[in-house]
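*Asks:* Please find one structure pasted underneath; my questions will follow.
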Amino acid sequence: MTAQDLDALYQEIILDHYKNPHNKGLREPHEAEVHHVNPTCGDEVTLRVHLTGEPGAETVADVSYDAVGCSISQASASVLTDLVIGRPVDEAMEIHESFLTLMQGKGTVEPDEDVLEDGIAFAGVAKFPARVKCALLSWMAWKDATARVIEEKA
Amino acid sequence: MEGLLPQLEVVRKDFPILERTLAGGVPLVYLDSANTSQKPQCVIDAMVDHLERHNANVARAMHQLGAEASAAFEDGRDRVASFIGAPSRDEVIFTKNASEALNLVAHTLAWATGDLAVGEGDRVVTTEMEHHSNIVPWQLLTQRTGATLAWFGLTDDYRLDLSNIDELIDERTKVVTLTWVSNMLGTVNPVAAIARRAHEVGALVVVDASQAAPQIPIDLAAMDEAERPDLMVFTGHKVVGPTGIGVLWGRREVLDQLPPFLGGGEMIETVRMERSTYAGIPHKFEAGTPPIAEAVGLGAAVDYLAGLGMEAVHAHERTITAYALDGLATVPGLKVLGPLDVAERGGAISFELDGVHPHDVAQVLDSRGVAVRAGHHCAKPAHARYGVQSTTRMSSYLYTTPSEIDALVEALEYTRSYFKLG
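Right, here's the structure in full:
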């Protein structure tokens, strides 16, 4: 990869979130806690989800996490929490879908800033297959935890 | 620089890949040889020549090509036997890799009867600095047999903690397995002293030489029997050979006593529907068509190393490692996890760079053409012991030059500035 590729990968936004992660730390209350690991590189995240509201119309009241990993995985967790906290679960799931599409697009998907906000900075990561799983670690953990809460409530 | 391989630039020309450039036109600085080594032209040529001119299955074809292929395959075994000073060439078993060789031993011990049997109340001892491939097979063995798995811990200065050796290795201990050279810390372990203690209590000694065989001259026949491993494994691709082939060396009495591992063609003496009898070693442990072209390539590889002289390769490795340790010491915030004395270590150097995660270090280094490994290097327990999740690892080999180490150090400085550290 070239120096230009490197800059495409490490957008300022990513480095900012890495240095000053948002919503980091494990908090109460929570209805589900999951632990996801990337076995190839050893990155780990413990993530908690707190949902409020009636079944079928829940809102993401809080997402808290503790994680060890590279700048991409750390920044991605930070961006995730910014995007989903305070939103209805349905809407948050759509954002999740949109981020997943971006990350799996091998660099061909044009991200929608209105939907993904700081998440568009990860467009460059999608060109590096080895790093896509870093960016998705916390997102997959969040989806898993959220699904568990909803399942238990149902 | 004293200690480097003579005519290093000529030696480098033997490795065609070292001449390639990467994206953006940067030259390759390959510092990932503990992961896999690069291949000299003679190894590539030997394999191509075999496939172009001599290809046939071994030990079953009656035609001329079959005879040539069989001779080439067995010649590979002879060369490997000579490379490690094996007392007998029949004690050299070809496997898929070092992991398979370790699994072969751990699995067949689970099925063994008599002296070698491992059962309830017995103990298997490994160490906290092993590659996962020298931990997991023994977990499987002890879980299946009801034996206990115990291990040597590590000291704060990155060595095996031998303070409780007499408790760990006692009459209940059936197997002691350890790496000769750590793939993460670089530590060279006192194999002879541990083997001596293990043999006093009648335990088998298994040595993972995956990182040792590329760097350290090995002469099994010259070792004092009390200090010699009973079984030793290494992999082809780290000794400038191809992937897909590994080596298990074992003392004949042990190999004869172990039951077969995989059943199939070539490992039998005769087969009836009710039961079969088995071939002698080495074929007893080589079921199915073996990695033939790979054995030819591995033979050429160990011949190449012998041609350079393993003493000279070892001296080169130490010289480069010392130079690298000096260079790394100049990078602010960099901490090496492993012994700093080259006399006590191999060529893999793992380190942390304060403020930058190893994956990010590796990614930035890659943009400068410097190839290193980042992660847990399949040694999660050793990382956990020192409270780190992952490290960056540079590993040199016989083709590494001091200027490549300079390029690494410069790229690490660039990494620090990229992540805006001081």
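Residue numbers (our numbering), protein chains in the order written: chain A, 1 to 154; chain B, 1 to 422. Glycine included, C-beta positions come from ideal geometry on N, C-alpha and C. Remember, predicted model here, so these are calculated numbers, not experimental data.
Provide the residue span of the alpha helix (DSSP H) that contains residue 142 of chain B, from first to last.
*Replies:* 136–145
*Asks:* Taking residue 132 of chain B as the query, report the chain A residues whose CB atoms sit under 9 Å from its CB, ordered along the chain.
*Replies:* Those do not exist, as residue 132 of chain B stays about 11 Å from chain A at its closest Cβ, beyond 9 Å.
*Asks:* Compare the Cα-Cα distances from residue 167 of chain B to each of B:159, B:296, B:153, B:157 and report the closest residue.
*Replies:* Among B:159, B:296, B:153, B:157, the Cα nearest to that of residue 167 of chain B belongs to B:153.
*Asks:* Using a beta-carbon distance cut-off of less than 8 Å, what residues from the segment 374–403 of chain B approach chain A?
*Replies:* 374, 375, 376, 380, 383, 389, 390
*Asks:* Three or more beta-carbon pairs under 8 Å between the segment 213–227 of chain B and the segment 80–97 of chain B, yes or no?
*Replies:* Here the segment 213–227 of chain B lies against the segment 80–97 of chain B, with 3 or more beta-carbon pairs under 8 Å apart.
*Asks:* Would you kindly check if the distance between the Cβ of residue 276 of chain B and the Cβ of residue 235 of chain B is under 7 Å?
*Replies:* no
*Asks:* Would you say residue 348 of chain B reaches chain A, if we count a Cβ-Cβ gap shorter than 7 Å as a contact?
*Replies:* no
*Asks:* Start and end of the alpha helix (DSSP H) containing residue 447 of chain B?
*Replies:* Look at the range of chain B in this structure, 1 to 422, and you will see that residue 447 of chain B is not part of it.
*Asks:* Looking at chain A, is there any beta carbon in it that lies within less than 7 Å of the beta carbon of residue 434 of chain B?
*Replies:* There is simply no residue 434 of chain B to check, as chain B begins at 1 and stops at 422 in what is shown.
*Asks:* By DSSP, does residue 249 of chain B sit in helix, in strand, or in coil?
*Replies:* In the structure shown, residue 249 of chain B sits in a strand (DSSP, three-state: E or B).
*Asks:* In the DSSP assignment, the alpha helix (DSSP H) including residue 107 of chain B goes from what residue to what residue?
*Replies:* 98–111
*Asks:* Using a threshold of 7 Å, state whether the C-beta atoms of residue 64 of chain A and residue 134 of chain A are closer than that.
*Replies:* no
*Asks:* Within 7 Å of any Cβ in chain A, is that where the Cβ of residue 23 of chain B sits?
*Replies:* yes
*Asks:* On a CA-only basis, which of B:111, B:157, B:184, B:336 is nearest residue 144 of chain B? Give me that one, please.
*Replies:* Measuring from the Cα of residue 144 of chain B, the nearest candidate turns out to be B:111.
*Asks:* Using a Cβ cut-off of 7 Å, which residues of the segment 66–77 of chain A contact any Cβ in chain B, in chain order?
*Replies:* Those residues of the segment 66–77 of chain A that come within reach of chain B (Cβ to Cβ, closer than 7 Å) are 68, 69, 70, 71.
*Asks:* List, in chain order, every chain A residue whose beta-carbon is nearer than 9 Å to that of residue 43 of chain B.
*Replies:* In chain order: nothing, as chain A lies at least about 28 Å away.
*Asks:* Using a C-beta to C-beta distance shorter than 9 Å, which residues of chain A count as neighbours of residue 139 of chain B?
*Replies:* Correct list: empty, because the minimum Cβ distance to chain A is about 16 Å.
*Asks:* What number of angstroms, rounded off, separates the C-alpha of residue 193 of chain B from the C-alpha of residue 300 of chain B?
*Replies:* Going from the Cα of residue 193 of chain B to the Cα of residue 300 of chain B covers about 33 Å.
*Asks:* Look at residue 397 of chain B and residue 33 of chain B and say whether their C-beta atoms are less than 7 Å apart.
*Replies:* Yes, these two residues count as a Cβ contact at 7 Å.
*Asks:* Identify every residue that forms a DSSP beta bridge with residue 395 of chain B.
*Replies:* B:32, B:348
*Asks:* Quick one: is residue 32 of chain B near chain A, going by C-beta distance under 7 Å?
*Replies:* no
*Asks:* Tell me the rounded alpha-carbon separation between residue 147 of chain B and residue 37 of chain B.
*Replies:* 37 Å
*Asks:* Can you find at least 3 beta carbon pairs, one from the segment 108–117 of chain A and one from the segment 83–98 of chain A, that sit closer than 8 Å?
*Replies:* yes
*Asks:* Quick one: what's got a C-beta closer than 7 Å to residue 394 of chain B's C-beta in the same chain, skipping five residues either side?
*Replies:* 31, 324, 349, 372, 408
*Asks:* In the DSSP output, what is residue 361 of chain B paired with across the bridge?
*Replies:* According to DSSP, residue 361 of chain B bridges with nothing at all.
*Asks:* Does the segment 95–107 of chain B come into contact with the segment 130–137 of chain B, if we say contact requires no fewer than three beta-carbon pairs (one atom in each stretch) closer than 8 Å?
*Replies:* yes
*Asks:* Name, please, each residue of chain B whose Cβ falls closer than 8 Å to the Cβ of residue 3 of chain A.
*Replies:* 24, 367
*Asks:* Which class does residue 174 of chain B belong to by DSSP, given the choice of helix, strand or coil?
*Replies:* Looking at residue 174 of chain B - three-state DSSP - the assignment turns out to be strand.
*Asks:* Tell me the DSSP secondary structure of residue 126 of chain B in three-state form.
*Replies:* strand
*Asks:* Pick from B:174, B:108, B:281: whose alpha carbon is nearest that of residue 120 of chain B?
*Replies:* B:174
*Asks:* Residues of chain B with CB under 8 Å from residue 42 of chain A, in chain order?
*Replies:* 375, 376, 380, 383, 389, 390
*Asks:* Determine, for residue 354 of chain B, whether the minimum Cβ-Cβ distance to residues of chain A falls below 7 Å.
*Replies:* no
*Asks:* Keeping to the same chain, check which residues put their C-beta closer than 8 Å to that of residue 59 of chain A; ignore five residues upstream and five downstream.
*Replies:* 51, 52, 53, 86, 87, 88, 89
*Asks:* Do residue 287 of chain B and residue 267 of chain B have their CB atoms nearer than 7 Å?
*Replies:* yes
*Asks:* Is any beta-carbon of chain B found at less than 7 Å from that of residue 80 of chain A?
*Replies:* no
*Asks:* Please confirm whether residue 208 of chain B has its beta-carbon closer than 7 Å to some beta-carbon of chain A.
*Replies:* For residue 208 of chain B, the answer is no, since every Cβ of chain A falls outside 7 Å of its Cβ.
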